[in-house]
């Protein structure tokens, strides 16, 4: 489903990806862990051609992600979920989900946002999968942060993708809501057989939801295994010999947020 070989990417004199090799099979839920700056977001952006890799090979859902001419087909097969929702606040929840169909309709229909009954039925079904069908006609800016992210998941599902790339989708949510959103993402995609690559900072969530965990450090893969194999030694490699640093800092912050009841809710 996803084949990455010796992939490199840099910005100016700053190398970000340093020869990434990775194979992800159809239906896998893969979590990528790493410090800020490890290359997690850049890797996902290369997979969806939001960033152009410098060298190497990259096949995603049967499409060469390095070729500009294949970009439209790549965007049809690969959906993206972002950290900051990327919803249109003034539109209804249903219309936001329907934007996931824009790449699948003709140019005129896309410009005029003309959707078929089948598209509308699909959008409602996607909302049902994240338990927001009752909010279909509500303005999106009336939702909580967690609900907006669930709209983002429904929009991605409406695209009928083969692959979903999720770039830190729960980074701005409180721990309880983050767990709920991850549950919806995993269950909806598992039922539909969609491959997921999800960037996270939260080690506990990676262990709970990932079929497989890939650790990046300084633009290289330093761990690739199951949640059960993600031990202290692996965390030290991922977080650059700092087991008490970033990997555990989130856990301490999460406990504080959960206890105080702050954070963005579901």
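Numbering (this note's numbering), first residue to last: -17 to 248.
From the three backbone atoms N, C-alpha and C, an ideal C-beta is built for every residue, glycine too.
message: Can you tell me whether residue 178 is buried or exposed? The criterion is at least 16 other CB atoms within 10 Å of its CB, across all chains shown.
response: As a working note, residue 178 is residue 196 in the chain shown. Here residue 178 is buried. Its C-beta has 16 or more other C-beta atoms within 10 Å.
- prompt: For the candidate residues 76, 212 and 184, whose alpha-carbon lies nearest to that of residue 195?
  reply: Taking the first residue of the chain shown as 1, we reach residue 195 at position 213. Checked all of 76, 212 and 184; the closest Cα to residue 195 is 212.
field: beta strand (DSSP E) runs wholly inside the region 179 to 215, at least 3 long, in chain order
entry: Here the runs fully enclosed are 194 to 199 and 202 to 207.
The region 107 to 123 touching the region 50 to 57, judged by at least three CB pairs closer than 8 Å: Contact between the region 107 to 123 and the region 50 to 57 is not established, with fewer than three Cβ pairs separated by less than 8 Å.
- request: Could you tell me whether the region 199 to 208 touches the region 163 to 178, using the rule of 3 or more Cβ pairs below 8 Å?
  value: Result no; under three Cβ-Cβ pairs closer than 8 Å.
field: Inter-residue Cα distance where the pair is residue 298 and residue 150
entry: The shown model of the chain, from -17 to 248, leaves out residue 298, and the question about it has no answer.
- prompt: What residue range is occupied by the uninterrupted beta strand (DSSP E) comprising residue -12?
  reply: The residue labelled residue -12 in the question sits at position 6 within the chain shown. Counting along the chain, the beta strand (DSSP E) containing residue -12 begins and ends at -16 to -7.
query: Could you give the C-beta distance for residue 6 and residue -16, rounded to a whole number, given that I count them as a contact under 8 Å?
result: Position 24 of the chain shown, counted from the first residue, corresponds to residue 6. Position 2 of the chain shown, counted from the first residue, corresponds to residue -16. With a contact defined as Cβ atoms closer than 8 Å, residue 6 and residue -16 qualify at about 4 Å.
message: For residue 136 and residue 14, I'd like the C-alpha separation in whole angstroms.
response: Within the chain shown, numbered from 1, the residue matching residue 136 stands at position 154. Within the chain shown, numbered from 1, the residue matching residue 14 stands at position 32. For residue 136 and residue 14, the gap between their C-alpha atoms comes out near 22 Å.
task: Return yes when at least one heavy atom of the ligand MN lies under 7 Å from the C-beta of residue 202, else no.
output: Only the bare structure without any ligand can be found here, which leaves the ligand MN out of the picture.
message: Helix, strand or coil, according to DSSP, for residue 38 in the structure here?
response: In the chain shown, residue 38 corresponds to position 56, counting from 1. Three-state DSSP puts residue 38 in a strand.
message: Starting from residue -3, trace the beta strand (DSSP E) in both directions and tell me its first and last residue.
response: As a first step, residue -3 is located in the chain shown; it is residue number 15 there, counting from the start. Taken as a continuous stretch (DSSP letters only), the beta strand (DSSP E) holding residue -3 covers -4 to 6.
task: Buried or exposed for residue 23, please, with buried defined as at least 16 other CB atoms from any protein chain shown within 10 angstroms of its CB.
output: Taking the chain shown and counting its residues from 1, one reaches residue 23 at position 41. Residue environment: residue 23 is assigned as buried (16 or more neighbouring CB atoms within 10 Å of its CB, all protein chains considered).
query: Roughly how many angstroms separate the alpha carbons of residue -10 and residue 32, rounded to a whole number?
result: As a first step, residue -10 is located in the chain shown; it is residue number 8 there, counting from the start. As a first step, residue 32 is located in the chain shown; it is residue number 50 there, counting from the start. Whole-angstrom Cα-Cα distance: 15 Å.
Helix, strand or coil at residue 46 according to DSSP, with G and I counted as helix: Numbered from 1 along the chain shown, position 64 holds the residue referred to as residue 46. Three-state DSSP puts residue 46 in a strand.
- request: Compute the beta-carbon to beta-carbon distance between residue 111 and residue 139, rounded to the nearest angstrom, for a pair I have assumed lies under 8 Å.
  value: Within the chain shown, residue 111 is the residue found at index 129, counting from 1. Within the chain shown, residue 139 is the residue found at index 157, counting from 1. Right, the Cβ-Cβ distance comes to about 6 Å (below 8 Å), so this counts as a contact.
query: Rounded to a whole number of angstroms, what is the C-alpha to C-alpha distance between residue 46 and residue 162?
result: As a first step, residue 46 is located in the chain shown; it is residue number 64 there, counting from the start. As a first step, residue 162 is located in the chain shown; it is residue number 180 there, counting from the start. Computed Cα separation, rounded: 34 Å.
Residues that residue 74 bridges to, as DSSP identifies them: The residue labelled residue 74 in the question sits at position 92 within the chain shown. Beta-bridge analysis with DSSP links residue 74 to 121.
query: By how many angstroms is the C-alpha of residue 205 removed from the C-alpha of residue -2?
result: The count along the chain shown starts at 1 and reaches residue -2 at position 16. The count along the chain shown starts at 1 and reaches residue 205 at position 223. Each residue's Cα considered, the two are about 17 Å apart.
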